[in-house]
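S.K.: Mind having a look at this structure? Questions to follow.
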Amino acid sequence: MASLTAAMLAIPVQHACAQTPQDMIEIARSVVTADRKVVVVSAMELTEEEGKDFWPLYHEYRAEMGKVTDSLMDLVLDYAKLYPTVPEERAKQMLETYTSLQKQQVDKRTAYLKKFSQVLPAAKALRFAQIETRLDLIDQLHLASQVPLTPIRPALASLPDKPQPDAEATKPSEDKQQDQ
Numbered sequence: 293m294a295s296l297t298a299a300m301l302a303i304p305v306q307h308a309c310a311q312t313p314q315d316m317i318e319i320a321r322s323v324v325t326a327d328r329k330v331v332v333v334s335a336m337e338l339t340e341e342e343g344k345d346f347w348p349l350y351h352e353y354r355a356e357m358g359k360v361t362d363s364l365m366d367l368v369l370d371y372a373k374l375y376p377t378v379p380e381e382r383a384k385q386m387l388e389t390y391t392s393l394q395k396q397q398v399d400k401r402t403a404y405l406k407k408f409s410q411v412l413p414a415a416k417a418l419r420f421a422q423i424e425t426r427l428d429l430i431d432q433l434h435l436a437s438q439v440p441l442t443p444i445r446p447a448l449a450s451l452p453d454k455p456q457p458d459a460e461a462t463k464p465s466e467d468k469q470q471d472q
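With my numbering applied, the sequence shown corresponds to residues 293 to 472, in that order.
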């Protein structure tokens, strides 16, 4: 999953600037999808027989989870358009959408893990759940690190950052006397 960041950094700056946010999301998604499958292949150690039932179900599962991810990305893009000033009513709507998407994700995962349990031995189904959880956490952490927190004091959000005084100017007066 670290290659998601590497892939995003590898895109030439001028090329990246010419693309829309949606284009950038699609590039990132293709990298994540490829990385995710590589991780699953190596971690699952499926037999040929297990793979025959697992992979079609896996692709179906990822397509369903991708729909939730698409909606989440739409929410993030909406947020980005409003940031740093998110009106109170819009913030309420976004929170409702976010919690609904989180519930959908859990519900879909639960339903599919039951299906995976029917085509894999219990230990491998559990391993798959662990792998998916870890991969999702990496994705969530990456996304969270890119999305700034909503300002809660709109008046302060519009103020320019004040320059920080240098260390010399903030020394106590006796320290300044010793330096002279």
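Cβ coordinates follow ideal geometry from the N, Cα and C atoms, glycine included.
(1) Is the number of C-beta pairs between the stretch 331-342 and the stretch 417-433 that are closer than 8 angstroms three or more?
(2) Please list the segments of the alpha helix (DSSP H) lying wholly inside the stretch 367-431, counting only runs of 4 or more residues, in order along the chain.
(3) If V368 sits next to V439, beta carbons under 8 angstroms apart, how far is it from one beta carbon to the other, in whole angstroms?
(4) Rounded to whole angstroms, what is the Cα-Cα separation between E388 and Y371?
(5) Using a 10 Å radius around the Cβ and a threshold of 16 neighbouring Cβ atoms, would you call E433 buried or exposed?
(6) For L374, count neighbouring Cβ atoms within 10 angstroms of its own Cβ and tell me buried if that reaches 16, exposed if not.
(7) Can you check whether the CB of K406 is closer than 7 angstroms to the CB of D356?
(8) Can you tell me the Cα-Cα spacing of A436 and L429, whole angstroms?
(9) Expressed to the nearest angstrom, what Euclidean distance is found between the alpha-carbon atoms of R354 and D366?
(10) Does DSSP put A449 in a helix, in a strand, or in coil?
(11) Taking the C-alpha atoms as reference points, what is the distance between P443 and F408?
(12) Under a three-way DSSP split, which group does P440 fall into?
(13) Which residues in the same chain as L349 place their Cβ atom closer than 8 angstroms to its Cβ, once the five residues preceding and following it in sequence are excluded?
(14) With DSSP run on the structure shown, which of helix, strand or coil describes T260?
(15) Give the DSSP-derived three-state secondary structure of L487 in the structure shown.
M.R.: So, to answer that:
(1) Counting C-beta pairs with one atom in each stretch, the stretch 331-342 and the stretch 417-433 have three or more that are closer than 8 angstroms, which means they touch.
(2) Every alpha helix (DSSP H) stretch that sits fully inside the stretch 367-431 and reaches 4 residues is listed by chain position as 380-411.
(3) Confirmed, Cβ separation roughly 6 angstroms.
(4) Going from the Cα of E388 to the Cα of Y371 covers about 13 angstroms.
(5) With the sequence shown as reference, residue 433 is identified as Leu, and Glu is not the correct amino acid for it. L433 comes out exposed.
(6) exposed
(7) One point to set straight first is that residue 356 is Glu, not Asp, in the sequence displayed. Not closer than 7 angstroms, so no.
(8) Their Cα atoms are separated by approximately 10 angstroms.
(9) 18 angstroms
(10) Note that A449 scores a pLDDT of 49, beneath 50, so its modelled location is shaky; the value from the coordinates is reported in the next line. In the structure shown, A449 sits in a helix (DSSP, three-state: H, G or I).
(11) 42 angstroms
(12) coil
(13) Y404, K407, F408, V411
(14) Since the first residue shown for the chain is 293 and the last is 472, residue 260 is missing from the structure and cannot be characterised.
(15) Residue 487 lies beyond the range of the chain shown here (293 to 472); nothing can be said about it.
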